[in-house]
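As you go down the protein sequences, you meet chains U and L in turn.
The first sequence maps to residues 1 to 574 in the numbering used here.
The second sequence maps to residues 1001 to 1193 in the numbering used here.
No residue lacks a Cβ here, since even glycine has one placed at the ideal position from N, Cα and C.
Following: one structure in structure tokens, then a few remarks.
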Amino acid sequence: MCDGHSHNHDQSNTTDVSSNELWQESDAPLNELTVSRRTLMGALGAVAGVAALAPLGAAPAAATTYSEAQKRTINPWKPARFQLAGDHHIHTQYSRDAMHTVEKQVQKGTEYGLDWMVITDHGGTAHQKYSVDKITPDIKAARLAHKNTAIFQGLEWNIPGAEHGTVILPPHATSVAVLKQFELLFDGIVLADQKKITHANGADGEPFAVAGLKWLADQVKSGVIPMALMFANHPTRKGLDSPAEVRGWRDAAPGIAMGWEGAPGHQAAGIATAKGGPGSGRGYYDNAFDEKYSYEGYRPNATENPLRTYGGFDWVTARVGGLWDSLLAEGKPWWITANSDSHQMFKESFVGGTLTSSGSLDTAAYNLTGKYADAVDTGVASKTYGDFWPGYYTRTIVSSLSKSYLTLMKAMQAGQILTTHGGIIDGADIRVTTSDDKQGVTTGGRTFVTKGGTVTATITINLASRANFAGLLPLLKKVDLISGPITGPAANKSTMFAPDTKVEKTFEVSQSSGQVVLTYTYKNVGNSFYLRYRGSDGRVLAKNGVDPAMDVSGDSDPWNDLWFYTNPVFIDAV
Amino acid sequence: MTTTVNRSSSWVSFDSGASSVSRSHLEATIINHAKKLKLDLQWLVSFQLTEGLRRVAFVMASNDEGKLQQLSTDLSDYFPSFAGESERRELIEKARKLQDGRAVHFPLSVDISESVSAKNLINGSAVDAIIAIGEELPSDAQIQSNGYIRPTMNSGRLELFVERIAGGFFAPVERESPHECCGGHGPEEPINL
């Protein structure tokens, strides 16, 4: 029923635009901002006056019928977009476990090739009270100093009852006020400090997570802010994000709760102590199942451990037919990203600027000010830090129509996102056409085919053109095309497997430079399905020779196990 | 050594209700209080309860019925329990039959302070099986235990899940001190009941 082939193209049909075009802060005219400010004050007052869990209006109608097969296309394929590399998970001296200035993180991220960054310090009582206001001028200064880089002021939200998540707002007159109010009302640690919930991870926080996302949706709907996005971070590091919670976030706030980190940060954490690393789990995934807070479905068994990374990616993403696929099988959007989570960098010689007498970050001092003094260079390389600088190892590459903050966010919302580790590829373009849709669609998109027709999936990969920051030229060895049926909304919100999702085809790649075009045709298509790609340098694989292997605790060289993952394309059979 | 499980004559159970106290903090508190009472605790088993709020419960066993009851009373006074009498009895049955739960204390006569061979651990403790995740455990496997082993009960067996680590060793998947994120809160002193 199918055939797959690969051939080389000389001319590029994707353009990695390294334009000097500057970032546009906002698409909205100034007078709109003024109106929004007034609306904000009303909205904030209203929310403060009611119980935080009261229904906050209906969720936006967008995407509610997404899973139904229809004759329409979403994300039509277009050539020559901006391929913008970024990172939505970066910490600074305004986090109680980090130390660098905003300027340093941005300068490093820019040096390592990033076009956009989201600064995401941890939510918390001191952060809400002090840090948000204090970091705002630092971020503005960094925008002025790095005009070719987009710098978002975000938040690493303690999702009540769950893990962390990045909240992204565009630069806007009301954004800082919205962030502060959101954190005050809905951050898990703030709520626990206020004794509104038992613990930031306590299951009694779960309704606050949903209410928080609905509140953000309301700020967008009422025009207070133009957009807001949320991506869950390190989803099963401790097994906290249950499938039902994830579905709850997604369905509470379509267009806002858009996905999770497919790959967590801290990718140097698994480097062996003998090689100067912390010798922990890759991504600091070295936790055990905890009866108090872990979801019961994430217990380890004889064949796998959901609380470990596989090829550097979180188990919920890396496992074919796992939780990510079970979400995609519903036919609803849920996208992946990959970030640095950079706090303290592998082998760097800096330490925090405010330390206790024993040499650790003085969290008591942080709690009083929401900030540490600038990091200090000791001249001695650390042996315990497990992170990489933004852009050094991990990239979230967004295919955007223009270099505007809002357009970039819209592209993220639309799932036009590719994730790479260690510069395994420069970029990739995905185009899925059908016998009914010759233009085709790209990732995050949706197309249709008359039953019995054909679907052609093409991935055009720009192979690595230069050595990565470990000084190695990555060689892509294989690409997996993964596909599975769209079975509609999950009747059981705890569903965490999609048993019919499979690796449809593995392409061997022998070419070492230039562009590779891999095409696969699904013939006589009878049912709606989705597809996605991943690729590897092939050096560390599971015993089946196809899947990523569970990362070895205390001995995972991230540069020796490189992957890229794309987001999916949905195809409706009509 | 599986028969050891039935030697304890007395069993009690409690759950931590809606307390914000973490599992490890609860364990330290129970062990600390047992020491104070000079109670010889043979089994301490943790359970996940998922009705209502997700929470942790414990089952304890000893031959010293009087002191065990004292421990139970002191714990229940401090942590108002959610679980009813029948739910508690059910947990005790599960622990006695090695059906479900995670053992913090269990019969152990072999030195695990640094590393222990798989063979010696099986012979010298209530652990019935050692399972390497995703692979066959080599018969000469060395387990880097670092004094900390938390086997789990499953279908009548006490099982220890291990994973491959650096240097060809294996280690229990549950470590005593995993990386603490977000600045952590440091080690917590046991609660004085």
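Residue i to residue j, Cα distance in whole Å?
{"i": "U:Ala58", "j": "U:Ala268", "result": "Caution is warranted here: a pLDDT of 34 is assigned to U:Ala58, below 50, making its placement in the model unreliable, and the coordinate value is therefore given only provisionally. Roughly 43 angstroms between the two C-alpha positions."}
{"i": "U:Ala173", "j": "U:Gly223", "result": "12 angstroms"}
{"i": "U:Thr384", "j": "L:Ser1062", "result": "42 angstroms"}
{"i": "L:Trp1011", "j": "L:Ser1155", "result": "20 angstroms"}
{"i": "U:Gly165", "j": "U:Ile159", "result": "6 angstroms"}
{"i": "L:Arg1157", "j": "U:Lys71", "result": "55 angstroms"}
{"i": "L:Ser1113", "j": "L:Ser1145", "result": "7 angstroms"}
{"i": "U:His234", "j": "L:Gly1066", "result": "46 angstroms"}
{"i": "U:Ala85", "j": "U:Lys129", "result": "32 angstroms"}
{"i": "L:Cys1182", "j": "L:Met1153", "result": "32 angstroms"}
{"i": "U:Asn367", "j": "U:Glu156", "result": "17 angstroms"}
{"i": "L:Gly1052", "j": "U:Glu163", "result": "20 angstroms"}
{"i": "U:Gly415", "j": "U:Ile74", "result": "11 angstroms"}
{"i": "U:Gly259", "j": "U:Leu473", "result": "31 angstroms"}
{"i": "U:Ala498", "j": "U:Lys543", "result": "21 angstroms"}
{"i": "U:Gly193", "j": "L:Val1104", "result": "The identity of residue 193 of chain U in the sequence shown is Asp, whereas the question assumes Gly. Approximately 30 angstroms, taken between the alpha carbons."}
{"i": "U:Thr149", "j": "U:Leu114", "result": "7 angstroms"}
{"i": "L:Pro1190", "j": "U:Arg299", "result": "27 angstroms"}
{"i": "U:Asn201", "j": "U:Ala329", "result": "28 angstroms"}
{"i": "L:Leu1193", "j": "U:Pro333", "result": "50 angstroms"}
{"i": "U:Val569", "j": "U:Thr442", "result": "7 angstroms"}
What does residue i pair with, by DSSP beta-bridge criteria?
{"i": "U:Glu103", "result": "In DSSP, U:Glu103 forms no bridge with anything."}
{"i": "U:Asp429", "result": "U:Thr460"}
{"i": "U:Lys221", "result": "Bridge partners of U:Lys221: none, in fact."}
{"i": "U:Phe388", "result": "None, per the DSSP bridge assignment."}
{"i": "U:Ser131", "result": "The partner list for U:Ser131 (beta bridge, DSSP) is empty, contrary to what the question assumes."}
{"i": "U:Leu475", "result": "BP columns for U:Leu475 are empty, so no partner."}
{"i": "U:Ile482", "result": "U:Val503 and U:Arg532"}
{"i": "U:Gln83", "result": "U:Ser399"}
{"i": "L:Ala1061", "result": "L:Trp1011 and L:Trp1043"}
{"i": "L:Arg1164", "result": "L:Phe1170"}
{"i": "U:Val351", "result": "U:Val376"}
{"i": "U:Thr419", "result": "U:Thr396 and U:Tyr565"}
{"i": "U:Asp572", "result": "U:Phe448"}
{"i": "U:Asp314", "result": "U:Thr309"}
{"i": "U:His122", "result": "U:Glu156"}
Inspect the beta-carbon positions of residue i and residue j and report whether they are closer than 8 angstroms.
{"i": "U:Lys214", "j": "U:Ala253", "result": "yes"}
{"i": "U:Leu575", "j": "U:Tyr520", "result": "The requested residue 575 of chain U is not part of the displayed model; chain U covers only 1 to 574."}
{"i": "U:Gly382", "j": "U:Lys438", "result": "Per the sequence shown, residue 382 of chain U should be read as Ser rather than Gly. Taking 8 angstroms as the Cβ cut-off, U:Ser382 and U:Lys438 do not qualify as a contacting pair."}
{"i": "U:Val552", "j": "U:Gly311", "result": "no"}
{"i": "U:Glu206", "j": "U:Phe231", "result": "no"}
{"i": "U:Gly283", "j": "U:Arg319", "result": "no"}
{"i": "U:Pro79", "j": "U:Pro170", "result": "no"}
Classify residue i as helix, strand or coil using the three-state DSSP reduction.
{"i": "U:Met412", "result": "helix"}
{"i": "U:Phe231", "result": "strand"}
{"i": "U:Thr166", "result": "strand"}
{"i": "L:Pro1151", "result": "coil"}
{"i": "U:Tyr94", "result": "coil"}
{"i": "L:Gln1069", "result": "helix"}
{"i": "L:Ser1008", "result": "coil"}
{"i": "U:Thr289", "result": "As written in the sequence, residue 289 of chain U is Phe, which differs from the Thr given in the question. Three-state DSSP puts U:Phe289 in coil, outside helix and strand."}
{"i": "U:Asn75", "result": "strand"}
{"i": "L:Val1104", "result": "strand"}
{"i": "U:Ala59", "result": "Here U:Ala59 scores only 34 on pLDDT, less than 50, and its place in the model should not be relied on; the value that follows carries that caveat. In this structure, U:Ala59 counts as coil in the three-state DSSP scheme."}
{"i": "U:Asn158", "result": "strand"}
{"i": "U:Thr566", "result": "strand"}
{"i": "U:Pro298", "result": "The displayed chain sequence assigns Tyr, not Pro, to residue 298 of chain U. Residue state, collapsed to three classes: helix."}
{"i": "U:Ile256", "result": "coil"}
{"i": "U:Ile139", "result": "helix"}
{"i": "L:Glu1176", "result": "coil"}
If you compare alpha carbons, which of the options is closest to residue i?
{"i": "U:Gly535", "options": "U:Ile461, U:Ala470 and U:Leu169", "result": "U:Ile461"}
{"i": "U:Pro485", "options": "U:Gly440, U:Glu348, U:Thr420 and U:Ser528", "result": "U:Ser528"}
{"i": "U:Val432", "options": "U:Val540, U:Arg532, U:Thr419 and U:Gly452", "result": "U:Arg532"}
{"i": "L:Leu1049", "options": "L:Ala1018, L:Leu1068 and L:Glu1065", "result": "L:Ala1018"}
{"i": "U:Phe152", "options": "U:Phe82, U:Asn201, U:Thr136 and U:Pro558", "result": "U:Thr136"}
{"i": "L:Arg1151", "options": "L:Glu1093, L:Thr1029, L:Ile1031 and L:Trp1043", "result": "For the sequence presented, residue 1151 of chain L should be read as Pro rather than Arg. It is L:Trp1043."}
{"i": "U:Tyr522", "options": "U:Gly545, U:Glu504 and U:Gln515", "result": "U:Glu504"}
{"i": "U:Lys147", "options": "U:His122, U:Gly161, U:Trp116 and U:Thr125", "result": "U:Trp116"}
{"i": "L:Val1056", "options": "U:Ala457, U:Leu473 and U:Glu296", "result": "U:Glu296"}
{"i": "U:Leu401", "options": "U:Gln83, U:Gly386 and U:Asp377", "result": "U:Gln83"}
I'd like to confirm something about residue i: is its beta-carbon nearer than 7 angstroms to some heavy atom of the ligand ATP, or not?
{"i": "U:Leu169", "result": "Judged by which ligands are present, the structure shown has none, so any question about the ligand ATP falls away."}
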